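Residue numbers (the working numbering), protein chains in the order written: chain X, 1201 to 1497; chain Y, 1201 to 1497; chain Z, 1201 to 1497.
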Amino acid sequence: MDVFEILNLNELALGLSNLSMFPYFDMAHYIISVMSLREQPGVLTVSQLSPLACWFSSMLYCFGGAVLSALMMADAPVAPLSNTTNLLIASLMWYLVFYCPLDAVYSLASVWPIRLVLTGMKEVTRTWKVVGGVTQAGRKYKDGLFVMIAVGWAKGAGGGLISNFEQLVRGIWKPETNELLKMSYPTKVTLLGSVLFSLQQCRFLPMQTHHLIFIYTIFIVTNKMRMMIMGSSSYPFSSLESVLYKTLFVRPLTFSPLIDSTQGSDQTLKNSSISEQKSNNTDQRNPEEAKNAKKKD
Amino acid sequence: MDVFEILNLNELALGLSNLSMFPYFDMAHYIISVMSLREQPGVLTVSQLSPLACWFSSMLYCFGGAVLSALMMADAPVAPLSNTTNLLIASLMWYLVFYCPLDAVYSLASVWPIRLVLTGMKEVTRTWKVVGGVTQAGRKYKDGLFVMIAVGWAKGAGGGLISNFEQLVRGIWKPETNELLKMSYPTKVTLLGSVLFSLQQCRFLPMQTHHLIFIYTIFIVTNKMRMMIMGSSSYPFSSLESVLYKTLFVRPLTFSPLIDSTQGSDQTLKNSSISEQKSNNTDQRNPEEAKNAKKKD
Amino acid sequence: MDVFEILNLNELALGLSNLSMFPYFDMAHYIISVMSLREQPGVLTVSQLSPLACWFSSMLYCFGGAVLSALMMADAPVAPLSNTTNLLIASLMWYLVFYCPLDAVYSLASVWPIRLVLTGMKEVTRTWKVVGGVTQAGRKYKDGLFVMIAVGWAKGAGGGLISNFEQLVRGIWKPETNELLKMSYPTKVTLLGSVLFSLQQCRFLPMQTHHLIFIYTIFIVTNKMRMMIMGSSSYPFSSLESVLYKTLFVRPLTFSPLIDSTQGSDQTLKNSSISEQKSNNTDQRNPEEAKNAKKKD
């Protein structure tokens, strides 16, 4: 792209696209994934009661995307286990984060600047997983745009998409919510990436692959760091999302009742609670509030 | 078959078996499926809160059979997504039924004669799906009668068989019931069709394929229309079902106690409640009553 | 191995490894599996309300390992259905155990010496399933040690590992527990076997296959019989398990708090309750007590 040549970024973009995720970026992904698992309620108890269940959950956090995309493409979901080196590294990260003497590793990695860097490196691996999924699907289903979007999304955000079943491993079952009903930031940004890369692979988006990799990676890394530094959880495209939503998906007020057969609230109350819920949904920081708002409906 | 020649139905049967489901019959299937999803409790709320979850549920209603049979045969469950044309048509039906201005499409399709015709067309697609599943399994497992029955059943009634997991997408979880514990009419009639076509493919049933297609299609379409016109839900073979059940599956009153380890009811009470439940089970119109009867046990 | 030659056991070991499981050992496996399903709470009710759901559960008990390992290796999970002979035998066992006039079969098989022999024969099939799974995985993933362990484990203990979903077929859902959180004896001993056979296949354990088959089979059969005769459920390696656990998986008392974000108990209380739970966990006879101890945490 001319912009890239003007800014002398072409070589940088090529260099980034040829970067290997193994071993440092993968290690960062594993350690941040296991740390975020550890910070879930009830996990420390599970780690004491059943190290095996804790290990299995951690592996789902680390390799969930590979497992889900394998299931979708009828490849063996056990294939990630065959990559013994990565599995051993991920297991080592799990062991150090949960059971290290003096809890050294978790404490060290929680130090804010270190966590910021590791999180940035984890975000870089997201691009690689999305591109890998899109390419893999594209090889099997030429020009299958929706398959490529689905598989790229699964590979990049699989751990979140299978969260209900990962929680089941730990004895937790929360059917009232899932990543489709209420999408978290990582899942949204992975979907965005998957759509972009699929459009690019199907030649709807006139861009070179390494340029798109560069732009997308810079975007997700800087955005994640901004969110961590500012302590905010606002998604850059939330206003666009709101506009799209209000244009395409608001039910008309006429004809068939807006009211579900299980409810008795009147139409005005429902409209106001829906717009209230939508503005709540864009604020990822208040899952509890959004949950209460949902209950009002 | 001589009967067919006598009644000059052979050419009609051949014509029916060569009929293409695309695009009109498929569209009827999609629109009726999405409408029946919409009439489930709580779905209108989901359609407002998360159009994506609503879309995903609709796709499971439309393509659930293809997804389930693919999972069973170790084919890619994501394959239905690769049929872009059908996916786009189904998505269009979803959008129009849920979000059409003035709610025009749903209101129009709900007009009774139109709904009757569309439902009849949907029933025709059932035959195609069962035959497709049975044939597909037959290619991979020659003379594998039970595989053919299972895959034909899954392909024709998959949407119902995976209902627990489709509801999970919408945040609903009702583990106390499923299509095996309490089979709905579509699932029963699909199982019947799958058994017939599997027996015919394995040459246990001496009939030509297009004759069986003709008879089965006429049966399910007329029966469904009769049920809609009469407002009844009685299954034509319910008496036969009752007789089979009482002959084969009633527990003897001797030896080991009839009582489950969780119950304290005496033997006479249990026998009477079981026969009561069985007569309730054959009446599909009273799921609540059958549920209460089940609770008494 | 020299020991084997000295004790003239080599021919016996070879003979055992060439033994065919069909039909007597398989029949013993089916009948004991269906009997143990029947003894679950609520199953007799299901057998009356829905013979189909009862049959499906029984098939999951009988073939659960084959189904789970097929899912893991991206083979068709419906493949066990294609083995018509075994399926018919298993279905016959199901019918006789649940619906035999005078309840003859269940009563006869429950006679203690007969049940002891049948259970011993079922344990023999465990070895064959583990070896089968390990070998199958080894063919596809040469030297993939963890894949071989996982698939061997799934094939030998699959019925237990998928217990949450088998219960769902019967309308029961108990997410708070699963075989990873609280491993039952059969699952533990199968994992042990899978590890041993995988190490032996990857040449880490210098032993011939038929010798290992012999030793492992003798161990699991005699241990199971001892447990049935003594009425005990203590696992021979529970002390070793305790030592390993205390060495590797006890959390250090320093740095980050030991307390989950959902609890307020102080550190001493938690340590004492954890050691109490661990000693409870090794006693398989007291699932209720362990469950109460778990609730205290």
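Quick reminder that beta carbons are idealized off the backbone N, C-alpha and C, glycines included.
No experiment lies behind these values; they were computed from the predicted model shown.
Query                                                                                                                      : Result
Proximal residues of chain X, C-beta to C-beta of Y/Val1369 below 9 Å                                                      : Asn1378, Leu1380 and Leu1381
Unbroken alpha helix (DSSP H) run spanning Z/Pro1386, endpoints                                                            : Tyr1385 to Gln1401
Distance, Z/Tyr1385 Cα to Y/Leu1405 Cα                                                                                     : 47 Å
Min CB distance Z/Gly1344 to chain B below 8 Å                                                                             : Among the protein chains of the structure shown, namely X, Y and Z, there is no chain B.
X/Met1272 versus X/Met1348: straight-line alpha-carbon distance, rounded                                                   : 11 Å
Chain Z contact residues for Y/Tyr1435, given Cβ-Cβ distances below 7 Å                                                    : Here the premise fails: no neighbours, minimum Cβ distance about 15 Å.
Beta carbon proximity, Y/Pro1375 to chain Z, threshold 8 Å                                                                 : yes
Cβ-Cβ distance between Z/Phe1298 and Z/Cys1254 below 8 Å                                                                   : yes
Check whether Y/Phe1419 and Y/Val1324 have beta carbons under 8 Å apart                                                    : no
Cβ-heavy atom distance, Y/Thr1377 to the ligand MN, below 7 Å                                                              : Here there are no bound small molecules, and the ligand MN is not part of this structure.
CB contact check: Z/Ala1253 to chain Y, cutoff 8 Å                                                                         : yes
Assumed close pair X/Lys1388, X/Tyr1435 - CB separation to whole angstroms, cut-off 8 Å                                    : 6 Å
Neighbourhood of Z/Leu1212 by C-beta distance below 8 Å, restricted to the same chain and skipping five residues each side : Phe1414
Per-residue burial, Z/Ala1228 [other beta carbons within 10 Å of its own, 16 or more giving buried]                        : buried
Test: Z/Tyr1299 CB closer than 8 Å to a CB of chain Y                                                                      : yes
Those residues which DSSP pairs with Y/Ser1310 across a bridge                                                             : Paired residue(s): none; Y/Ser1310 is not in a bridge.
Span of the alpha helix (DSSP H) around Z/Asn1286                                                                          : Thr1284 to Tyr1299
Nonlocal neighbours in the same chain, by C-beta distance under 7 Å from X/Val1395, ignoring five residues either side     : Ile1349
Beta-ladder partner(s) of Y/Ser1258, from DSSP                                                                             : In DSSP, Y/Ser1258 forms no bridge with anything.
Burial state of X/Glu1366 (16 or more Cβ within 10 Å)                                                                      : buried
Under 7 Å (Cβ pairs) to chain Z, residues found in the segment 1268-1295 of chain Y                                        : Met1272, Met1273 and Ala1274
Contact belief for Z/Val1351 with Z/Gly1393 at Cβ below 8 Å, rounded distance in angstroms                                 : Actually they do not touch by this definition, with Cβ atoms about 13 Å apart.
CB contact below 8 Å: Y/Leu1244 versus chain Z                                                                             : no
Exposed unless 16 or more other CB atoms sit within 10 angstroms - verdict on Z/Glu1379                                    : buried
Contact with chain X by Y/Ile1372, beta-carbon distance below 8 Å                                                          : yes
Contacting residues, own chain, Cβ-Cβ under 6 Å from Z/Gly1215 (five flanking each side not counted)                       : none
Where the segment 1327-1354 of chain Z meets chain X: residues whose CB sits under 7 Å from a CB there                     : Tyr1341, Gly1344, Leu1345, Phe1346, Val1347, Ala1350 and Val1351
Nearest neighbour of X/Ser1233, chosen from X/Trp1373, X/Pro1251, X/Lys1322 and X/Asn1364 [CA to CA]                       : X/Lys1322
Counted within 10 angstroms of its Cβ, other Cβ atoms place X/Pro1280 as buried (16 or more) or exposed                    : buried
8 Å Cβ cutoff, Z/Ser1250 in contact with chain Y                                                                           : yes
Where Z/Pro1301 falls, given that 16 or more other Cβ within 10 Å makes a residue buried                                   : exposed
Span of the alpha helix (DSSP H), counted from its first residue to its last, around X/Leu1345                             : Leu1345 to Leu1361
From Y/Lys1374, Y/Trp1312, Y/Asp1303 and Y/Val1246, residue whose alpha carbon lies closest to that of Y/Met1425           : Y/Trp1312
Under 7 Å by beta carbon: chain Y residues contacting Z/Phe1256                                                            : Leu1380
Contact with chain Y by X/Arg1238, beta-carbon distance below 8 Å                                                          : no
Per-residue burial, X/Gly1431 [other beta carbons within 10 Å of its own, 16 or more giving buried]                        : exposed
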